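*Asks:*
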Amino acid sequence: MHRAWFEENIARVDKRSSWLAKEDAWQSTILLFPEGSVTHRFADLPRMADAALRRGIRVLQVLGWDRGGIDRDYPHYEPDPRLGTPEELAGAIEECRRKGVRILLFANLHWVNLETDWYRKELHRYDVKDPRGLPSNSMGWEYTTLLGLAELCEHRMVQTNPAHPRMKRILLAQLANLPRLGAAGAQ
1 MHRAWFEENI ARVDKRSSWL AKEDAWQSTI LLFPEGSVTH RFADLPRMAD
51 AALRRGIRVL QVLGWDRGGI DRDYPHYEPD PRLGTPEELA GAIEECRRKG
101 VRILLFANLH WVNLETDWYR KELHRYDVKD PRGLPSNSMG WEYTTLLGLA
151 ELCEHRMVQT NPAHPRMKRI LLAQLANLPR LGAAGAQ
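Numbering (our numbering), first residue to last: 1 to 187.
(1) May I have the straight-line CA-CA distance separating residue 67 from residue 78, to the nearest angstrom?
(2) Excluding the five sequence neighbours on either side, which residues of its own chain have a C-beta within less than 7 Å of the C-beta of residue 84, listed in chain order?
(3) Below 8 Å on the Cβ atoms is my guess for residue 76 versus residue 126; work out the distance and round it to an integer in Å.
(4) Give the secondary structure of residue 181 by DSSP, where H, G and I count as helix, E and B as strand, and everything else as coil.
(5) List the whole-angstrom C-beta distance separating residue 62 from residue 31, where the pair is believed to meet the contact cut-off of C-beta under 8 Å.
(6) On the CB-based measure, 16 or more other CB atoms within 10 Å of its CB, does residue 11 come out buried or exposed?
(7) Mapping the DSSP letters down to three states, classify residue 113 as helix, strand or coil.
(8) Starting from residue 102, trace the beta strand (DSSP E) both ways and give me its first and last residue.
(9) Classify residue 186 as helix, strand or coil using the three-state DSSP reduction.
(10) According to DSSP, is residue 157 helix, strand or coil?
(11) Measuring only the C-alpha atoms, how far is residue 102 from residue 132?
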């Protein structure tokens, strides 16, 4: 069933004409880690673009730009205030574009953070459930903490089903923030 769906909907898409298909590489940078470590702010993106251009890279993939940082607070796809304002992010993206560097903003399509009030109040209703009625395929990541390195971290995210009309509306509304900010794409 999946192969038939894939052949009908995905395999037919000719990616050769995509601007991204013409790039040899992209630079991937996490601005804000899940435990709160800030590596860069939005104002740093143009300098990062300059450094990437010196190495022939014309795409920056920006992770941890959104509220909570990488793998936190999904699906809140709004700029985290610790990194700057939405206007500062949009301005930095535009400045990078003028330099010839495109920005990909990282976002997940259906993973949500189960530690948020939004999850506890509403998003739990849209979990993908296993046969026992428990959230299916929960997962979590840690990056630079001792608990994470010792593989003792708690699972933080679960999949939701965008076939639920309300969940689909939530995801589309949140993901619409990416083009509003001027991102050339999402990953």
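Ideal Cβ placement from N, Cα and C applies to all residues, glycine included. Values in this document were obtained by computation on a predicted structure and should not be read as measured data.
*Replies:* By the coordinates alone:
(1) Position 67 of the sequence shown, counted from the first residue, corresponds to residue 67. Position 78 of the sequence shown, counted from the first residue, corresponds to residue 78. Between residue 67 and residue 78, the C-alpha separation is close to 6 Å.
(2) Mapped onto the sequence shown, residue 84 falls at position 84. These residues qualify, in order along the chain: 41, 42 and 43.
(3) Along the sequence shown, read from residue 1 onward, the residue named residue 76 stands at position 76. Along the sequence shown, read from residue 1 onward, the residue named residue 126 stands at position 126. About 15 Å; that fails the 8 Å criterion.
(4) Taking the first residue of the sequence shown as 1, we reach residue 181 at position 181. Under the three-state reduction of DSSP output, residue 181 falls in the coil class, being neither helix nor strand.
(5) Here residue 62 refers to the residue found at position 62 when the sequence shown is read from its first residue. Here residue 31 refers to the residue found at position 31 when the sequence shown is read from its first residue. 6 Å between Cβ atoms; contact.
(6) To locate residue 11, count along the sequence shown from 1; it is residue 11. Exposed, since its Cβ has fewer than 16 Cβ neighbours within 10 Å.
(7) Counting from one through the sequence shown, the residue named residue 113 turns up at place 113. Three-state result, residue 113: strand.
(8) As a working note, residue 102 is residue 102 in the sequence shown. That run of the beta strand (DSSP E) goes 102–105.
(9) To locate residue 186, count along the sequence shown from 1; it is residue 186. Residue 186: strand per DSSP, three-state reduction.
(10) Here residue 157 corresponds to residue number 157 of the sequence shown, with the count starting at 1. Of the three classes helix, strand and coil, the one that applies to residue 157 here is strand, per DSSP.
(11) By one-based count along the sequence shown, residue 102 stands at place 102. By one-based count along the sequence shown, residue 132 stands at place 132. Between residue 102 and residue 132, the C-alpha separation is close to 44 Å.
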